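Structure first, commentary second.
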Amino acid sequence: ELKVEQNPLFLSMQEGKNYTIYCNYSTTSDRLYWYRQDPGKSLESLFVLLSNGAVKQEGRLMASLDTKARLSTLHITAAVHDLSATYFCAVDPNRDDKIIFGKGTRLHILP
Amino acid sequence: DVKVTQSSRYLVKRTGEKVFLECVQDMDHENMFWYRQDPGLGLRLIYFSYDVKMKEKGDIPEGYSVSREKKERFSLILESASTNQTSMYLCASRTGGRYEQYFGPGTRLTVT
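Just so you know, the protein sequences line up as chains A and B, in that order. Here the first sequence stands for residues 600 to 710, numbered as in the numbering used here. Here the second sequence stands for residues 246 to 357, numbered as in the numbering used here.
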């Protein structure tokens, strides 16, 4: 059974600090997605990573993919309160749209 | 901007009722999806569709059916609602030319 595990599941951090969210998955996949969900809202696509070594950045967020290690990271630089949300990673190992989501990392950034 | 709309934000139904959840997208996307989201479980795929009148089972199709009579509309049907179907239901769509899915606002369904 394919598993997608995020670590940590909950993170409380101070503004201005750096941190990394980890996403491990149990089978080969070269398609990995990061989504953001604000409380009471729907999911918004952040990054699509399609190959080993892929790195994408948007503002204070940077995502990377290591397909050999089956690991993706979402790095937050100099966190600001507006980044408080739940972040989900997801994989599509068979390229058939049967996407498997992680349980999400709830990020709370303290002012 | 891609817009995915769902017919209701909140819905309360009784056990045994037939429930229809409607989803409409306005960007001519070929692919549409239904997920449910439960605390601590993340999102789980119920059904998806690549084209009109086509459907594919996701990970948890039991107790659900779907209908896609028009390209822009994808309906999720609970034939006989049960309390364990109380959940947040999210619809999404995707065009063949892109990988990411665009999500609707969700319908929070409570079955009593």
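Even for Gly, the Cβ is constructed at its ideal location relative to N, Cα and C. Just so you know, these numbers come straight off a predicted model, no measurement behind them.
Give the range of the beta strand (DSSP E) segment to which residue i is assigned.
i: Ile620(A); result: Tyr618 to Tyr624
i: Gly615(A); result: Per DSSP, Gly615(A) belongs to no beta strand (DSSP E) and is neither H nor E.
i: Arg318(B); result: Arg318 to Leu323
i: Asp256(B); result: Inspection of the sequence shows that residue 256(B) is occupied by Leu rather than by Asp. Here the beta strand (DSSP E) through Leu256(B) covers Tyr255 to Lys258.
i: Arg353(B); result: Thr352 to Val356
i: Thr672(A); result: Leu670 to Ile675
i: Gly287(B); result: Gly287 to Ser294
i: Thr685(A); result: Ala684 to Val690
i: Gln346(B); result: First-last for Gln346(B): undefined, no H or E at that position.
i: Val311(B); result: Ser310 to Lys315
i: Ser338(B); result: Ser332 to Arg339
i: Ile708(A); result: Thr704 to Leu709
i: Met277(B); result: Asn276 to Asp283
What in chain B is Cβ-close to residue i, meaning under 8 Å?
i: Lys702(A); result: Gly285, Leu286 and Gly287
Can you pull the chain B residues whose beta carbon is under 9 Å from the beta carbon of residue i, in chain order?
i: Ile620(A); result: Here the premise fails: no neighbours, minimum Cβ distance about 14 Å.
i: Phe687(A); result: Gly287 and Leu288
Please list, in chain order, the chain A residues whose beta carbon lies closer than 8 Å to that of residue i.
i: Gly349(B); result: Ser641
i: Leu335(B); result: Ser641 and Leu642
Just the chain A side, please: which residues come within less than 9 Å of residue i by C-beta, in chain order?
i: Leu323(B); result: Within chain A, no residue comes near Leu323(B); the closest Cβ sits about 20 Å away, beyond 9 Å.
Going along chain A, which residues have a C-beta under 7 Å from residue i?
i: Asn276(B); result: Asp696
i: Leu290(B); result: Lys697 and Ile698
i: Gly303(B); result: Lys697
i: Tyr309(B); result: In chain order: nothing, as chain A lies at least about 15 Å away.
i: Glu345(B); result: Tyr632, Ser644 and Val647
i: Phe293(B); result: Asp696
Beta-carbon within less than 6 Å of residue i's beta-carbon, same chain only, minus the 5 sequence neighbours each way: which residues are those?
i: Tyr255(B); result: Arg353
i: Met714(A); result: The structure shown does not extend to residue 714(A), since chain A spans only 600 to 710, so no value can be given for it.
i: Asn651(A); result: Thr666
i: Leu642(A); result: Tyr634 and Gln636
i: Arg318(B); result: Val269
CB-CB under 7 Å to residue i, same chain, minus the five flanking residues each way: which ones, in chain order?
i: Lys300(B); result: Tyr292, Ser294, Val311 and Arg313
i: Ser683(A); result: Leu706, His707 and Ile708
i: Ala326(B); result: Lys258, Thr260, Gly261, Glu262, Val264 and Val356
i: Asp296(B); result: Glu275
i: Gly615(A); result: Ala677 and Ala678
### Task
Please list the residues of the region 638-649 of chain A that have a C-beta atom closer than 8 Å to any C-beta atom in chain B, keeping them in chain order.
Taking 8 Å as the Cβ-Cβ cut-off against chain B, the residues of the region 638-649 of chain A that qualify are Lys640, Ser641, Leu642, Glu643, Ser644, Val647 and Leu649.
### Task
Select from the region 608-636 of chain A all residues with a C-beta closer than 7 Å to any C-beta belonging to chain B, and list them in chain order.
Listed by position, the residues of the region 608-636 of chain A near chain B (Cβ gap below 7 Å) are Arg630 and Tyr632.
### Task
For the region 253-265 of chain B, enumerate the residues whose C-beta is nearer than 8 Å to any C-beta of chain A, in chain order.
Taking 8 Å as the Cβ-Cβ cut-off against chain A, none of the residues of the region 253-265 of chain B qualify.
### Task
Go through the region 620-656 of chain A residue by residue and report every complete run of the beta strand (DSSP E) that reaches 3 residues or more, in order.
Entirely contained in the region 620-656 of chain A, the beta strand (DSSP E) runs reaching 3 residues are, in chain order, 631-636 and 642-648.
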